[in-house]
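Under the working numbering, the very last position in the sequence shown is 462; numbers go up by exactly one each time.
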Amino acid sequence: MDAVTYKEPAPILDKENPFESMMERFDVAAELLELERGVYEYLKTPVKQVTVSIPIQMDNGEIEVFEGYRIIHNDALGPSKGGIRYAPDLTVDEIKALAAWMTWKCAIANIPFGGAKGGVKCDPTRLTPVELEKITRRFTANMLDVFGPDKDIPAPDMNTNEQIMAWIMDTYSMHVRRTENAVVTGKPLIIGGSLGRREATGRGVMVATLAAMARKGISPKQSKCAVQGFGNVGSVSAKLLSDQGIRVIAVSDVSGGYYNKDGIDLAKAMDWGQKHRTLEGSGIGDSITNEDVLELEVDVLVPAAKEDQITAKNAGKIKAKIIVEGANGPTTAKADPILDANGVLVVPDILANSGGVTVSYFEWVQDRQGYFWTLDRVNRRLERMMHDAFNNVFHTAEKYNVSMRLGAYVLAIDKVAKTLKVRGIYA
Ligand code: GLU
């Protein structure tokens with residue numbers, strides 16, 4: 036069998052591009068695994084890419100046309116799974132990378148799903164609730180052949196929430212003429228959501244952080260942490276980390292960073308954030324920049340905002356001993372070797388933030404059984420699965436003598452490639 040020699044890896048442009056960042060790590064992992072060329076080609080290419088146009092009559096009576104996307108990267112392990120994001124600067128390459136990351140994430144989390152991602156190119160801050168609902172419903176109607184509880188299951192992502200999932204579920208259900216709550220996860224509880232789903236990504240980040248600290252011999256009670264981003268993932272991670280005795284000395288959101296050497300009052304920050312949708316004016320700490328937050332003297336840094344925050348430009352200035360990636364793709368491929376050389380233990384996104392999709396899986400299982408679990412059961416099972424995933428990635432990294440990031444890619448790619456081999460190629 037032909038092992039690939041990667042003379043010409045995926046092109047890396049100067050501009051950071053999430054898909055290229057993903058492919059750069061993928062190429063190294065593929066080489067370590069001596070992946071066959073055919074399997075390499077198969078795993079690098081999404082199995083399905085759908086673009087739809089979404090014409091909407093806006094509140095002012097005018098028609099505007101938006102573009103919606105769903106990319107299924109791979110469905111060898113099961114129905115594809117992944118979030119829907121709304122953003123004005125959404126690109127196909129971004130969704131492609133995020134879809135592939137979902138494939139690897141589900142493989143590492145050991146759940147029977149493939150990977151997908153989608154979204155609508157729109158600025159939700161400039162849309163009224165009525166317009167937002169119309170966009171969501173038309174997007175869903177146009178994706179009827181793609182979505183399905185046994186085919187492809189969306190979930191919340193950047194700028195989407197439980198309400199948007201409810202509209203997707205309702206629109207899909209109207210078309211198929213029955214209530215189909217397993218078609219999306221991250222729904223409101225009352226229509227088949229799961230207890231603990233909203234906090235799941237942050238809870239997983241907390242579990243991964245404690246596991247990494249134990250490996251580094253750092254005691255939570257004596258440690259300091261900074262969290263970039265105060266959305267669902269950042270705020271819950273910060274709160275749960277501080278509940279573990281870790282001093283969270285800085286947080287940030289789009290309005291900037293906030294520093295308090297004695298520890299941020301997180302209950303106050305969350306309360307203010309919920310009421311005002313920004314931390315500005317909360318009085319929780321001194322103002323610093325978002326970049327400063329990344330470079331503070333801390334034990335743990337949790338980037339939980341968006342892609343490309345830790346780059347070759349600032350990676351050398353990071354003082355944290357551990358980075359736990361709450362966001363998808365916060366570190367570029369070019370930053371990886373700098374962090375490795377400085378001995379920073381990076382718990383990669385596809386492991387660190389997999390708590391969200393893990394509880395999505397629990398939600399889907401509960402919907403299909405019509406039997407709902409207690410919060411305690413959800414949290415205990417999540418913690419167990421996060422621990423198993425962490426240890427599997429850690430041991431793979433040790434075995435191949437590589438970073439946890441590459442260990443995670445190796446573990447995931449190996450599993451999907453083996454599944455593919457067993458299933459064979461249908462012709
Ligand atoms: N959007 C989340 C992620 O990136 C959750 C996806 C899901 O639950 O399907 O992992």
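We treat Cβ as the ideally placed atom computed from N, Cα and C, and that holds for glycine.
Note that the structure is predicted; figures quoted are calculated from it, not measured.
Residue i vs residue j beta-carbon contact at 8 Å
| i | j | result |
| --- | --- | --- |
| Gly117 | Ala151 | yes |
| Glu197 | Gly228 | yes |
| Leu410 | Val74 | no |
| Ala64 | Ile448 | yes |
| Ile353 | Leu380 | no |
| Ile107 | Asp187 | yes |
| Thr206 | Thr160 | no |
| Val27 | Ala362 | Past the edges of the chain, shown from 36 to 462, lies residue 27, and the structure says nothing about it. |
| Gly149 | Asp110 | yes |
| Leu276 | Met241 | yes |
| Arg250 | Phe397 | no |
| Val394 | Ala246 | no |
| Pro189 | Val165 | no |
| Arg173 | Ile98 | no |
Whole-angstrom C-beta distance between residue j and residue i, which should lie under 8 Å
| i | j | result |
| --- | --- | --- |
| Ile385 | Ala432 | The Cβ separation is near 13 Å, so there is no contact. |
| Asn388 | Gly239 | 7 Å |
| Asp343 | Thr313 | The pair is not a contact, with the Cβ atoms about 22 Å apart (cut-off 8 Å). |
| Ile119 | Thr195 | 5 Å |
| Val360 | Val382 | Before going further, note that residue 360 is Glu rather than Val in the sequence given. Glu360 to Val382, Cβ: 6 Å. Contact. |
| Val445 | Leu70 | That pair is no contact at about 10 Å. |
Cα-Cα separation, residue i to residue j
| i | j | result |
| --- | --- | --- |
| Ile323 | Ala132 | 31 Å |
| Ala243 | Val127 | 30 Å |
| Glu55 | Val100 | 29 Å |
| Lys341 | Met439 | 20 Å |
| Asp327 | Gly292 | 7 Å |
| Val286 | Ala462 | 53 Å |
| Pro114 | Arg458 | 15 Å |
| Asp37 | Arg72 | Bear in mind that a pLDDT of 38 at Asp37, under 50, signals an unreliable position, so the model cannot answer this. |
| Ala370 | Ile345 | 7 Å |
| Val283 | Met420 | 26 Å |
| Gly264 | Lys274 | 13 Å |
Cutoff 6 Å; reference residue i; Cβ partners in own chain excluding five residues on either side
| i | result |
| --- | --- |
| Lys42 | Since pLDDT at Lys42 reaches only 36, below the 50 mark, its modelled position is unreliable, and no value is offered. |
| Arg403 | Ala217 |
| Thr163 | Asp94 |
| Leu331 | Ala261 and Ala285 |
| His210 | Leu179 |
| Pro53 | Glu129, Ala132, Glu342 and Gly364 |
| Met57 | Ala132 and Ala135 |
| Thr86 | Tyr104 |
| Val333 | Lys259, Cys260, Ala261 and Ala355 |
Secondary structure of residue i, DSSP reduced to three states
| i | result |
| --- | --- |
| Ala387 | helix |
| Pro191 | strand |
| Ala134 | helix |
| Ala217 | helix |
| Asp321 | strand |
| Gly361 | coil |
| Ala285 | strand |
| Glu234 | helix |
| Lys354 | coil |
| Arg250 | helix |
| Leu301 | helix |
| Phe101 | strand |
| Ser115 | strand |
| Ala261 | strand |
| Glu71 | strand |
| Gln198 | helix |
Proximal residues to residue i (C-beta, below 7 Å), its chain only, five neighbours per side dropped
| i | result |
| --- | --- |
| Glu300 | Note on identity: in this sequence residue 300 is Asp, with Glu being the wrong assignment. Excluding positions up to five away in sequence, the list reads Ile319. |
| Ile226 | Ala201, Met204 and Asn216 |
| Leu167 | Pro159 |
| Cys157 | Phe101, Tyr121, Pro123 and Ile170 |
| Leu112 | Cys141, Ala142, Pro147, Phe148, Gly149, Val451 and Thr454 |
| Gln84 | Ile106 |
| Ser290 | Thr313, Leu314 and Glu315 |
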